[in-house]
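Reading through the structure tokens given below for one structure.
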């Protein structure tokens, strides 16, 4: 079962994402900021990373940069959760190596559809 | 929607309130002339999270309002706008406003948006002030594409007119053609060489395209370098694709994440009309591409040897096969996906019922965040308890008197485990008092501004822990005391300078543990209480007589009497119709006390003492006949044997006890609680004098028993509210004992007094 790492500093978003993905049968781990996510990711085995952009300690953009330096996550899909108003963040995210984005607000179905498409 | 989002609302509200608190804290730290960008970042992040969550969980009004706030913060953060004091004020007011809106939403009320709308206008005025066209325009444009969020780059990439037709009109030319007339999409796609390094696989896109209709692909291999210079992580290929089916939007969506970095042209070829219709944008791209294609091909043919091309081709063909295989598996996998949605809708059918059932209880439940260390210590304790239990269990299997010592040791161990476990569990309900303190910097800031006073607030002992329920209830009395200190305590800057003090007054909030209590002090360095004026006022109000000689402490005590207020003019700040008597009563309801110490010219200190928790009470067990009742130890003044000479009969059947200078009404508990006593004769029993709300009553009981800590069980939850009884507990022998509510008993006494002897001067 594909393993997904969900990163968001908002507990409610994390809960929603985890609930949705677990309900669809994915194996989900959570992290509350970029640094936590990086530590968890280093333990290995994630098929997809889903990350918020604005987070304390380490933001999502930096997380993508750091993940791309790790051999294991060189080609792993990393999706950013961005808000509509932050289109510059999308470009920044792409330059850092993010695969794509899911625009907040999104509903669970949209999330699931996108993830399923990416993971095939 | 297949998932009920309301299950996340509680968490969302909690984190939003926390976010608002941290915004407020950050804003209070901000100084327009000199601020830390990280503080702005923190505030921005909190606003951003609230906006994101609000949008996701269906609170669009919150999201819309937070958007303007966030935009301003973003500009300040990015340095395109300088921070002004007005901005801080405005954002602070917005925080208040958001709090109210969210509270209403949490209570499932219709939030009042008038303040929000006014604030929004102010924000928009600021944002429009200096030219910030980018942010102004982005709003309406985004609003139109809200229904289908993943559309962003399309509008930046494609020409304006084209994007409008696709985004707004559902029957744009291309859309209708693709569904009604026969034709196909011709797509040229050349991804960036680094496309794989962003985790974007062309294979995925083809898979998605294939879901739209029949897809045929031609790989363009002209850019594949010779093997020695081929970088395995780069993508050198391009594809010519034809797709029979799908709308322009759907096709665009497939390439959404890569469109900026790729060469892409998408063309609709209409097979009924011979001419091909294409948008300006795609046509021009296509021309560019064909030029490049020609150019690169000719260049290659000069450099690359045939053998190299063959090798590269082989590899590419391998990959193409791989793609085909994957495509097939995807096509097969389509069906189970459909099944999934069926299951989801079935679940969705059930959820409304569940939702209804949940609604009645949901707003009531509050949650508590517990540090992991507390949970760990709890688990540790339970572990030890289990060990002790198994040790005792073994001992019990073949017990003889020789093992008595071990049994006693074991029981002692069990007692210790139980006590530690109790303490640990209690600790879970404990929160640092900073939760309450954190709202005061804002209060002091706003009030001192309103009163033109300069005041510094000092917080001490913020990590002192306190029961969550006590914490929630102590906030309002503290607000009142702080308002009071600000209004009556601290002098105006001129007066302070004249008195030889520094211009800025100081209010200190101090919290610490003392014995089994938590002590909270509100200390100001103002002018102190005006003894003479208080005394004068008390005489005017008839609280004391002119001839009474009172100590300083007794005079200060007067401010807590009902019907006392020294402010000549009822001020907006502290004169809200709530006197200090209410403060004292609220604190007493928590089994706490409040007192004041004051030095003229140097300031006053209000000291609040509270039990650490409401779940446990220090009780005095008393016996009335066969029944045992519990009196809160804090309210007991003294206990005495009755000398009939001290008893006066007033107003018929009302007995009062003359206790030194006071007359204390006597209440026979057995009469009140309808139990059979051992003694009807006052001389044979005991009187326990208890005090609450500044008045005393003597409770007649048969006997005083032990003092012990009792765990309070609610009567209201398990039975119903009983006047004069605050709860119940279970004693060591398993019996249930009722806990007497002293304030309630006093109310009963007053009612009786009102009925029987309204005109008794001595008992007043």
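Chains as they are written, first to last, in this note's numbering: chain A, 1 to 120; chain B, 1001 to 1764. Cβ atoms here follow ideal geometry from the backbone N, Cα and C, with glycine treated the same way. Everything numeric in this text was worked out from a predicted model, so none of it was measured.
Under 7 Å by beta carbon: chain B residues contacting residue i
i                    : result
residue 1 (chain A)  : Per Cβ cutoff of 7 Å: no residues; residue 1 (chain A) is ~14 Å from chain B at best.
residue 78 (chain A) : 1199
residue 99 (chain A) : 1198, 1199, 1200 and 1257
Rounded Cβ spacing between residue i and residue j (contact assumed at less than 8 Å)
i                      : j                      : result
residue 1636 (chain B) : residue 1690 (chain B) : 6 Å
residue 63 (chain A)   : residue 7 (chain A)    : 7 Å
residue 1020 (chain B) : residue 1095 (chain B) : 5 Å
residue 1713 (chain B) : residue 1728 (chain B) : 5 Å
residue 1619 (chain B) : residue 1666 (chain B) : No, residue 1619 (chain B) and residue 1666 (chain B) are not in contact; Cβ-Cβ is about 22 Å, not under 8 Å.
residue 1708 (chain B) : residue 1621 (chain B) : 7 Å
residue 1212 (chain B) : residue 1250 (chain B) : 6 Å
Continuous alpha helix (DSSP H) stretch holding residue i: start and end
i                      : result
residue 51 (chain A)   : It is not in any alpha helix (DSSP H) - residue 51 (chain A) instead sits in the beta strand (DSSP E) that spans 48 to 52.
residue 1582 (chain B) : 1580 to 1589
residue 1029 (chain B) : 1009 to 1029
residue 1041 (chain B) : 1037 to 1056
residue 1478 (chain B) : 1468 to 1484
residue 10 (chain A)   : That residue, residue 10 (chain A), is in no alpha helix (DSSP H); it is neither H nor E in DSSP.
residue 1603 (chain B) : Looking at the DSSP string, residue 1603 (chain B) is not in any alpha helix (DSSP H); the run it does join, the beta strand (DSSP E), is 1603 to 1611.
residue 95 (chain A)   : 87 to 96
Beta-carbon neighbours of residue i, restricted to chain B and to distances below 9 Å
i                     : result
residue 148 (chain A) : The structure shown does not extend to residue 148 (chain A), since chain A spans only 1 to 120, so no value can be given for it.
Residue range of the unbroken beta strand (DSSP E) whose run includes residue i
i                      : result
residue 1103 (chain B) : That residue, residue 1103 (chain B), is in no beta strand (DSSP E); its alpha helix (DSSP H) goes 1085 to 1106.
residue 1432 (chain B) : 1430 to 1432
residue 6 (chain A)    : 3 to 7
residue 1617 (chain B) : 1616 to 1624
residue 103 (chain A)  : 100 to 104
Counted within 10 angstroms of its Cβ, other Cβ atoms place residue i as buried (16 or more) or exposed
i                      : result
residue 1162 (chain B) : Its pLDDT being 41, under 50, residue 1162 (chain B) is placed unreliably by the model, and the measurement read from it follows with that caveat. Answer is buried; the Cβ neighbour count reaches 16.
residue 1556 (chain B) : buried
residue 1684 (chain B) : exposed
residue 1513 (chain B) : exposed
residue 1600 (chain B) : exposed
residue 1680 (chain B) : exposed
residue 1551 (chain B) : exposed
residue 1103 (chain B) : exposed
residue 1361 (chain B) : At residue 1361 (chain B), the pLDDT of 37 sits below 50, so the modelled position is not reliable; the number obtained from the coordinates is stated separately. Label assigned to residue 1361 (chain B): exposed.
residue 1706 (chain B) : exposed
residue 1032 (chain B) : exposed
residue 1188 (chain B) : buried
residue 1016 (chain B) : buried
residue 73 (chain A)   : buried
residue 1533 (chain B) : exposed
residue 1572 (chain B) : Annotation note: pLDDT 43 at residue 1572 (chain B) (below 50); position unreliable, coordinate value reported separately. Under this definition residue 1572 (chain B) is an exposed residue.
residue 1644 (chain B) : exposed
residue 1 (chain A)    : exposed
residue 1232 (chain B) : exposed
residue 1383 (chain B) : exposed
Proximal chain A residues relative to residue i, where beta-carbon distance stays under 8 Å
i                      : result
residue 1260 (chain B) : 91 and 94
residue 1048 (chain B) : 54 and 83
residue 1063 (chain B) : 105
residue 1055 (chain B) : 83, 104 and 105
residue 1011 (chain B) : 11, 12 and 15
residue 1045 (chain B) : 9, 54, 55 and 56
residue 1093 (chain B) : By Cβ distance, chain A contributes nothing, its closest Cβ being about 22 Å from residue 1093 (chain B), past 8 Å.
Amino acids of chain B, ordered along the chain, whose beta-carbon sits closer than 8 Å to that of residue i
i                    : result
residue 19 (chain A) : 1003, 1007 and 1008
residue 68 (chain A) : 1197
Amino acids of chain A, ordered along the chain, whose beta-carbon sits closer than 7 Å to that of residue i
i                      : result
residue 1207 (chain B) : 120
residue 1015 (chain B) : 10, 11 and 12
residue 1051 (chain B) : 83
residue 1099 (chain B) : Result: empty, since nearest Cβ-Cβ is about 17 Å, beyond 7 Å.
Proximal residues of chain A, C-beta to C-beta of residue i below 9 Å
i                      : result
residue 1081 (chain B) : By Cβ distance, chain A contributes nothing, its closest Cβ being about 16 Å from residue 1081 (chain B), past 9 Å.
residue 1077 (chain B) : Those within 9 Å of residue 1077 (chain B) in chain A number zero; the least Cβ separation is about 11 Å.
inquiry  = Check whether the segment 106 to 114 of chain A and the segment 17 to 26 of chain A are in contact - that is, three or more C-beta pairs closer than 8 Å.
reply    = Counting Cβ pairs under 8 Å, three or more are found: they touch.
inquiry  = Is it the case that the segment 1398 to 1410 of chain B contacts the segment 1431 to 1443 of chain B, given that we only count it when at least three CB pairs across the two stretches are under 8 Å?
reply    = By the Cβ criterion, the segment 1431 to 1443 of chain B is not in contact with the segment 1398 to 1410 of chain B, since fewer than three pairs of Cβ atoms, one from each stretch, lie closer than 8 Å.
key: Contact the segment 1525 to 1540 of chain B vs the segment 1594 to 1611 of chain B: 3+ CB pairs below 8 Å   = Judged by Cβ distances under 8 Å, the segment 1525 to 1540 of chain B makes contact with the segment 1594 to 1611 of chain B, as three or more pairs qualify.
ask   = Counting Cβ pairs, one atom from each stretch, are 3 or more of them under 8 Å apart for the segment 1005 to 1015 of chain B and the segment 36 to 44 of chain A?
value = Here the segment 1005 to 1015 of chain B makes no contact with the segment 36 to 44 of chain A; the two share fewer than three CB pairs at distances below 8 Å.
message = Would the segment 1107 to 1119 of chain B count as touching the segment 1058 to 1071 of chain B if we require 3 or more Cβ pairs under 8 Å?
response = In the pairwise beta carbon analysis, the segment 1107 to 1119 of chain B is classified as touching the segment 1058 to 1071 of chain B: at least three pairs are separated by under 8 Å.
query = Given 8 Å as the limit, is there contact between the segment 1420 to 1427 of chain B and the segment 1472 to 1482 of chain B, that is, 3 or more CB pairs closer than that?
reply = Not touching, per the Cβ criterion.
query = Are three or more beta carbon pairs between the segment 1264 to 1271 of chain B and the segment 1215 to 1228 of chain B nearer than 8 Å?
reply = No, the segment 1264 to 1271 of chain B is not in contact with the segment 1215 to 1228 of chain B.
ask   = At a cut of 8 Å, does the segment 1407 to 1414 of chain B reach the segment 1443 to 1453 of chain B through at least three beta carbon pairs?
value = Between the segment 1407 to 1414 of chain B and the segment 1443 to 1453 of chain B there are fewer than three C-beta pairs closer than 8 Å, too few to call the two in contact.
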